[in-house]
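Step one of this worksheet: look at the structure below.
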Amino acid sequence: MAVRFSLAERLARRMRRWAISRHPSGHHIELTQRVIYIFPTRAGFAFLGVNLLILMLAINYQNNLAYAVCFMLGAVFLVSILHTYASLSGVSIETAHCDPVFVGEDIGFRYQLKAADRQVNQLTLAIHDADLRSVAIAAGGSASLTLFRSAVQRGWDDAGALYVESRYPLGLFRAWSWASLENRCLVYPKPLQAKLPPPLSPAAAEGGRPVGSRLSGTDSFQGLEDYQPGDSLTRVAWKKLASGQGLKVRSYTAEQGQEFWLDASVWPGSREVKLSEMTWQALQYHGQGQTYGLRLGGAEVQPASGRQHLDAVLRQLALSPGAAVPRSEEVSS
Amino acid sequence: MSLFAHEKVTPKAALPGLAARRWVFFSTVLCMLPQAMNMPVWMSLLAGVLLVYAGLRLNRGIAQPPRLLKVLAVLVVLVVTALSVLGKSTLLGLVMLLVMANALKLLELRTRRDVWVVVLVNCFIIAAAYLFSTSMLSGAYGVFSIVVLLASLVALHSESVTAWPVRWQPVKTAGVLLLQALPLALLMFLVFPRIGPLWSLELATPSARTGLSDSLAPGEISNLLRSDEMAFRVSFSGEPVPESMRYWRAMTFDTFDGQRWRIDGAEQSGQLSGREGNDYQVIAEPAASRWLIALTQVSSGSRGLTLFPDGTVRAPEPLQKRFTYSLALQNETPGILSPEDRQRYLQVPAGNPRARALVDQWLAQGLSQQQIVAAILQQYRQHFSYTLSPARLQGDRVDEFFFSTREGFCEHFASATGLMLRMAGIPTRLVGGYLGGEWNPYSEYLLIRQYDAHAWVEAWLDGRWQRIDPTGAVAPERVLDGVEELLQQSPGYLADQPLSMVRLEQQFALLAELRLRYQSLNYSWHRWVLGYDSRQDDLLKNWLGTLNYLKSVLLVLVPVVAVLLAIGWWLLRGRPRYRDQISLDTERLSERLSRRQPALARAAGETLQQYSCRLAEALPDHAGALGAWADAAGQVQYDVSSGANLKLYKRCLKQLNQAL
Amino acid sequence: MQERLQQLAAVIDDVLLGKPEVIRLSLACLLARGHLLIEDLPGLGKTTLAHALAKVLGLDYQRVQFTSDMLPGDILGGAVYDQQQASFRLHKGPVFTELLLADEINRTSPKTQSALLEAMEERQVSLDGQRHALPEVFFVIATQNPTEQYGTFPLPESQLDRFLMRVSIGYPTAEAEEQMLLQGGAADQLGGVQQLLNPEQLLEAQTLVSQMQVSPAVISYLQRLAQYSRDSQHFSLGLSPRGSLAVLNAAKAWAFLEGRAYVLPDDVQQVFPAVAGHRLVGRELLHPGSEHDPASYLLSQVDVLS
């Protein structure tokens, strides 16, 4: 990396790394004095500076009330250390399940926060590359916070170290902690519509299962049927009714029972494009309620339908070799 | 990534909430109000316009002013401030500038940083305000301003705060912070060493107050008599001196030119350095002069006082602010009057032939010095009357007063007595000062007002200066009861102050009581807060003995650590998890039993009934009590239709507790 | 009234041996004006339960066996051409009854399913453009085979929500089964069942249940249960407001059955698995029926006291 860091920055990076390495990683962390750091903010230093000016004023004009203001503010400065610390201490953070997203969408890393037996008035959470978010939690209560970061690469995306801070009550001090919580999210490939229709898999070409019985669905128009009580009004052919042909209902059929295969070995195109197109096709099949399977490298997902099946297929596509490894701390800084 | 990397917040997070902005606005208004009195009217008006606009923007959402207008506003404010600042003291100028800058800044509170700038400037303005006013009211006002200031910071850094004034949580938090900080602040206030000014700065003085003047001509003091302004407050370490002894010497006049007594350019005899004297403490109100008062001739007292050969003291410089000092009571001991002094105190101007004739006659009769004094006082007693509005004197003033008008007040009597004693060869000087004072029983101090001003005579008799008060001969009540009672019927008294407190109090006793209370409080305020620096050394020594390095470090560290520990404990202490009584009782029961056997603790998902059943299985002996308790508790907690039977529940709980 | 209900439960208990819990839940469901979904293998006594309930309550009883070729009209009814009168005559379907046993509801197509479920929800049926209200007492007991079985259309979650409770009867205990065999089956027992309650009394009981007052402590407990299910990472679908309202109603009915005029958290806990079980979707570790059953997990995690 060509960027040169100043000494202070390097020191801070080292401290951060050290801090993270001290914390046990896992799905859960409770913020105790072992992992909470506290330091004045820039505003805090400015406040001290102003206080010094007030002190000079008091000394020069020998004014005891100015002294009193100076000492009052100074004492508040000291006391606020404890308050800031208390607002972070005892908070426990748990990672929550992260719903998979497609490349290009925003990953929502979820964190479940639980306050100790006192109110948390301000708590800010941040992970690398994501907007920070602040919450307040009632005493003994909990709150759920989602940090959004756009998904760039398929595969697992690791949230990285979580930065937690509080500046309550006065913003003079910043109490913070780094929690190396395990929180990762599965990123599916970006769906891309293929230019060509999906190639027939050898299995399908061999005959597979015959086209199943016709069931009423919403896919292709089949013809008109007599209205039956309970039929949806949206499917009534009003024009026919108007022309005096009686109450007719448009009927549709879905091709059901046919099996489709998404087979990487016969799919044209480069690897990533292929994966994207297969993703798109899988979503299409799912939307049509089709039964489909996946063959990808050595892995095979037996044909089925439904939400869970879709997830299984997309998961295979996301994690096919060449997927992103969880990003490391070094790269992210 | 720097240490502050996460301070670079995204714009959205940096935006101060409406609640925070409103609090900051309120805080700024509070800080500006007292300054409006110090600033020229037109500047105050300008600041007011800016504030109103900022307030409307904040509450009504009026649009941002166009850029040109903003630049114009800044220019106007700059020019106006610059013009106003000219001729003002540096500090007032600075404060005015800050006030105006803050008013401008309020117009655009875009980021947290903007809010912080305003808040920090407000901090400084609050402190600087005390250079212009140090009354108790200002003190209280300052505390209020600080609370609101802190509240604005709390609002800025809380997520849970909704817009003001819906929630008072920021004020509550700020109040708690301030209360917790109080012990630490007090400690710092007590022990922080008061060092002299780092560099000299002059502050615009409060307008010169009426005080004793450095010359005395009959008729002059009558102005003072009418003023009920405070002059001095005195407290005694031991018993207060008796009323008849309360002659407060401020200055002596040694030169008389026939019309006016003056202070000859007497050289100061040195600075007081001693610390032995602490019999009484005096707080002097600000005045344009350096005069201080003392009960007796001074030889020891607070350091830094300038001592004069006539035994009076003066402040090192004019009393720009309240000045506190302490002195020792001293017995008048025989001394020696040097020939030069004797000559000075015998100097008599030409004129006043009738007085001289009378004195010569007395001398010819062979009257002793004491007898001459007695003869003069006898004259006063028999033929003179006391009045605040005497006839004007012309020509040989003493002759005219003594033989013709025969009426006057202390100055007239003192002046005549002084001259005649000198004619009789007795070294004499006039003393200007105060007589008496009002004793405040609540704070045990003596309040001396300007109308207590008095003049009397000191004569060198029997080898020492002896006090002679001729006014006492003609109007003993003036000496004994003070001027207030004496003059109540006098038409001139307070005629120009129809709403004077003193006048009102003559009608309402409660008012007098309240006034005394207030003055007592105010006195403590001056003595312990404003004048603390002068008594810091003594106080610390009294409490702690001589300070050494280790002691001072411990003195600071131990209480600071103790206070911080206490606050930390308070903040982090375990709080009861439950709100209602039954839940608390259950938790207590669970804790108690779990100490006996961990498995007996209540699980989170266990209801009262389930828990009591489980306990009954584990402790079959108490099954009855447990069941009764759980049923009663269930009814109190959950039965809304038939009304809770708290008594039954309490009985059950008691039985259960006893059984266990 | 409560005594009568206890007696009623005992009578059914004689028919459906060793399942007092299920019987009480069914009664609670009925009292709370909800509908019951029984999810079980065939032959465990679903029909017997429904029949016994109908008999003791003196309810008009209909049973519909759902099949894959069933159409909405088969349930709801429709206009039938009467050749004698040469006009359309309204034929009311089996849904127009007081107690409907919808057997194996997951065997029929979603379209037919939803026709029934809509009727359950709205307590009325639209036929030929006219609305026909269902009887005031209208109680549906639907049974569903475990979803793994072939040829089924599992009810989607949104439809499951229309059932107040989902219970499963399960195999009888060894003792109960022996007794059942001795007695020669439930069918014989059913014959001897007498009506114990008339529909008016049932309606009155339902009104009493709905008017029962609930203490803030119980309301808070319910809210915390729902909140926890929404916040916790162990649930992918938390309890909806409709779900927590359902728990409340069921708990009231349960308290009523217990002979109490107020609701205890115990009542909530008793009905909770049945009412919330099909409304909660657990994640990873939490599977229905296992020891990590989402509903039981929730009950164990949320503090009853506040």
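Residue numbers (this note's numbering), protein chains in the order written: chain A, 1 to 333; chain B, 1001 to 1660; chain C, 2001 to 2306.
Backbone N, C-alpha and C define an ideal beta-carbon position, used for all residues, glycine too.
Check                                                                                                                                : Outcome
Residue environment, B/Ile-1195, which counts as buried when at least 16 other CB atoms sit within 10 Å                              : exposed
Beta-carbon proximity list for B/Ser-1552, same chain, < 6 angstroms, skipping 5 on both sides                                       : none
6 angstroms CB neighbourhood of B/Val-1431 in its chain, flanking five on each side removed                                          : Arg-1249, Thr-1252, Trp-1456, Glu-1458
Interfacial residues, the region 139-163 of chain A to chain C, with Cβ spacing under 8 angstroms                                    : Ser-142, Ala-143, Ser-144
Contact check, C/Ala-2217 vs B/Gln-1637, beta carbons under 8 angstroms                                                              : yes
Range of the contiguous alpha helix (DSSP H) that encloses A/Tyr-67                                                                  : 64-88
Supposed close pair B/Met-1423, B/Ala-1355 - CB separation, criterion 8 angstroms                                                    : 7 angstroms
Assigned exposure category for A/Arg-34 - 16 Cβ within 10 Å defines buried                                                           : exposed
Whether B/Thr-1586 touches B/Arg-1596 by CB criterion (8 angstroms)                                                                  : no
Chain-ordered chain B contacts of A/Ala-66 [CB-CB under 8 angstroms]                                                                 : Ala-1127, Ala-1128, Tyr-1130, Leu-1131
Within the region 2053-2081 of chain C, ranges of the alpha helix (DSSP H) (whole runs, at least 4 residues)                         : 2072-2076
Inter-residue Cα distance where the pair is B/His-1157 and B/Arg-1021                                                                : 12 angstroms
Simplified DSSP assignment, three categories, for A/Leu-181                                                                          : strand
CB-CB length for A/Leu-181 against A/His-27, believed under 8 angstroms                                                              : 7 angstroms
Helix, strand or coil at B/Asn-1278 [DSSP, three-state]                                                                              : coil
Spatial neighbours of B/Leu-1521 in its chain, beta-carbon cut-off 8 angstroms, leaving aside the 5 residues before and after        : Met-1136, Ser-1443
Collapsed DSSP secondary structure at A/Ala-318 in the structure displayed                                                           : helix
Length of the line joining the Cα atoms of B/Arg-1262 and B/Asp-1254                                                                 : 6 angstroms
Neighbour flag for B/Ser-1642 against chain C, beta carbons, 8 angstroms                                                             : yes
For B/Ile-1468: DSSP bridge partner residues                                                                                         : B/Val-1457
Environment of A/Arg-22 [buried if 16+ CB atoms lie within 10 Å]                                                                     : exposed
Short CB-CB distance (under 8 angstroms) between C/Gly-2018 and chain B                                                              : no
Local conformation of B/Arg-1381 per DSSP, three classes                                                                             : helix
Whole-angstrom distance between C/Glu-2104 and C/Gln-2031, CA atom to CA atom                                                        : According to the sequence as given, residue 2031 of chain C is Leu; it is not Gln. Approximately 24 angstroms between the Cα atoms of the pair.
Check whether C/Gly-2093 and C/Asp-2069 have beta carbons under 8 angstroms apart                                                    : no
Where B/Gln-1609 meets chain C, residues with beta-carbon distance less than 7 angstroms                                             : Leu-2264, Asp-2266
is_contact[B/Gln-1581, chain C] using C-beta, thresh 8 angstroms                                                                     : no
DSSP three-state assignment for C/Met-2001, whether helix, strand or coil                                                            : coil
Chain A contact for B/Glu-1007 (CB, 8 angstroms cutoff)                                                                              : With a pLDDT of 41 at B/Glu-1007, under the threshold of 50, the modelled position of this residue cannot be trusted, and the question is left open.
Distance CB(B/Tyr-1434)-CB(B/His-1454) smaller than 8 angstroms                                                                      : yes
A/Ile-20 beta carbon less than 8 angstroms from that of A/Ser-89                                                                     : no
Contacts of B/His-1383 in chain A (Cβ-Cβ under 7 angstroms)                                                                          : Those do not exist, as B/His-1383 stays about 54 angstroms from chain A at its closest Cβ, beyond 7 angstroms.
A/His-27, DSSP secondary structure in three states                                                                                   : coil
Inter-stretch contact at 8 angstroms, needing at least 3 Cβ pairs: the region 2026-2043 of chain C / the region 2151-2169 of chain C : yes
Under 8 angstroms between C-beta atoms of B/Ala-1127 and A/Val-69                                                                    : yes
Of the listed residues C/Glu-2178, C/Val-2271, C/Ser-2126, nearest to C/Ser-2244 (C-alpha basis)                                     : C/Val-2271
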